[in-house]
């Protein structure tokens, strides 16, 4: 398995298991993440981005995961208390065992709709 | 390059070039596509799904593409007349040179907001 994919999967398995502290050990302190709502800079901002999602997470199914020496691309589906099916895709750049850049993709529409209905 | 990735990239390059007819030659007649708004069944429904997006497409940048013998996963960013940055990810299953299943992910929120503002 490629180095980047090994890191991406270790990170994925950690947050899937609800272990945010362990997941963050795979995130570089100066990570840059381009998420649907805009750019996040730094591990603190990234942790704040993941936290509310993990609070409502029920289960995760990995759909595909590939990588080479520096990049990995994964797609998964997830079930949350707010949205029944919330797939995500992450394209990460890995350096020295941590994710230094992430392009993070999910559909915000069902979350916006569910929050408006609450 | 893996067989599935070759097909996924040929399809991607075709629609990127605006050639929907050529792109559709890589789509199975009975394709099933799980898109953000729900399941699409059949090449006709898939073509109707792509058509309005391609009409507003200005440019596409491939971010990552990987695959094995039967699955490929790609992520790209795109610029459209409606939404400046509209990334997408497609996880496709390929059989006999055509895409028989696709999990298609993009963020609908900026499209909904832009249409509401029009």
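Protein chains in written order, with full-length UniProt numbering: chain B, 1 to 118; chain G, 1 to 118. The beta-carbon is built from N, C-alpha and C at its ideal position, and this holds for glycine as well.
For chain C, is any of its Cβ atoms less than 7 Å away from the one on residue i?
{"i": "residue 103(B)", "result": "You won't find chain C in this structure, because its protein chains are B and G."}
Would residue i and residue j qualify as a contact pair, given that the criterion is a beta-carbon distance under 7 Å?
{"i": "residue 64(B)", "j": "residue 33(G)", "result": "no"}
{"i": "residue 5(G)", "j": "residue 67(G)", "result": "yes"}
{"i": "residue 14(G)", "j": "residue 23(G)", "result": "yes"}
{"i": "residue 105(B)", "j": "residue 54(B)", "result": "no"}
{"i": "residue 71(G)", "j": "residue 93(G)", "result": "yes"}
{"i": "residue 77(G)", "j": "residue 2(G)", "result": "no"}
Going by DSSP, what residue range makes up the alpha helix (DSSP H) through residue i?
{"i": "residue 24(G)", "result": "20 to 24"}
{"i": "residue 44(B)", "result": "43 to 55"}
{"i": "residue 17(B)", "result": "First-last for residue 17(B): undefined, no H or E at that position."}
Would DSSP call residue i helix, strand or coil?
{"i": "residue 125(B)", "result": "Because chain B spans 1 through 118 in this model, residue 125(B) falls outside it and cannot be assessed."}
{"i": "residue 85(G)", "result": "coil"}
{"i": "residue 108(B)", "result": "coil"}
{"i": "residue 37(B)", "result": "coil"}
Can you list, in chain order, the residues of its chain with a C-beta nearer than 6 Å to that of residue i? Leave out the 5 residues immediately preceding and following it.
{"i": "residue 73(G)", "result": "66 and 91"}
{"i": "residue 36(G)", "result": "108"}
{"i": "residue 75(G)", "result": "63, 64 and 89"}
{"i": "residue 103(B)", "result": "34 and 91"}
{"i": "residue 11(G)", "result": "23 and 26"}
{"i": "residue 16(B)", "result": "60"}
What do you reckon, is the C-beta of residue i under 6 Å from a heavy atom of the ligand MN?
{"i": "residue 43(B)", "result": "The ligand MN is absent from the structure shown, which contains no ligands of any kind."}
Considering only residues of the same chain and omitting the five flanking positions on each side of residue i, which have a CB-CB separation below 7 Å?
{"i": "residue 40(G)", "result": "33, 46 and 49"}
{"i": "residue 82(G)", "result": "56, 111 and 114"}
Enumerate in chain order the residues of its own chain whose CB-to-CB distance from residue i is below 8 Å, with the five nearest sequence positions on each side excluded.
{"i": "residue 80(G)", "result": "53, 56, 57, 58 and 86"}
{"i": "residue 18(G)", "result": "54 and 57"}
{"i": "residue 38(B)", "result": "none"}
Item to check | Three-pair Cβ contact test at 8 Å for the region 86 to 103 of chain B versus the region 13 to 30 of chain B | outcome: yes
Item to check | Touching by the beta-carbon criterion (3+ pairs, under 8 Å), the region 35 to 47 of chain G and the region 55 to 62 of chain B | outcome: no
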